[in-house]
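What follows is a set of notes on a single structure, which appears directly below.
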């Protein structure tokens, strides 16, 4: 019984610190700071840095302008996409093709026209 209690405690403890996001009935927080203008009832934690509600997408608690919440998807720990744009660590990659974009590894990616490193076009 003590072993099960300890394992349960360990699981809950590590779960609390695995995400920087936290939500209660009325608010959503990132890194201990309340996020303004977010719907806590529809908010979903996507990973440690990304979250979204029914209307907006957030990276490290900051709203990503022009991100489409309904189509937003995480590609890996750095890259994400919606129907119209590609993002690297919450920043839109200008002119990246959302339809042909492909992640190669944590930092490298490509689309039909360009290759990218850490969200920047390789020239």
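Residue numbers (our numbering): 10 to 132.
Just so it is clear, CB atoms sit at the ideal spot from N, CA and C, and this is done for glycine as well.
Please name the residue or residues paired with residue 83 in a DSSP beta bridge.
-> Translated into the one-based positions of the chain shown, residue 83 becomes position 74. Partner(s): 89.
* Asked: According to DSSP, what are the bridge partners of residue 60?
  -> For this step, residue 60 is matched to residue 51 along the chain shown. Answer is 54, 67, bridged to residue 60.
Exercise. Do residue 84 and residue 64 have their C-beta atoms within less than 9 angstroms of each other?
Worked result: By one-based count along the chain shown, residue 84 stands at place 75. By one-based count along the chain shown, residue 64 stands at place 55. Not in contact: residue 84 and residue 64 (Cβ atoms no closer than 9 angstroms).
Minimum C-alpha distance to residue 112 - residue among 96, 45, 68: In the chain shown, the residue the question calls residue 112 occupies position 103. With distances taken between Cα atoms, residue 112 lies closest to 96.
| request: Pick out whichever of 36, 120, 101 has its Cα sitting closest to the Cα of residue 45. | output: By one-based count along the chain shown, residue 45 stands at place 36. Nearest of 36, 120, 101 to residue 45, Cα basis: 36.
When we look at the beta-carbon of residue 102 and count the other beta-carbons within 10 Å, is it buried (16 or more) or exposed?
One-based indexing of the chain shown puts residue 102 at position 93. Residue 102 comes out buried.
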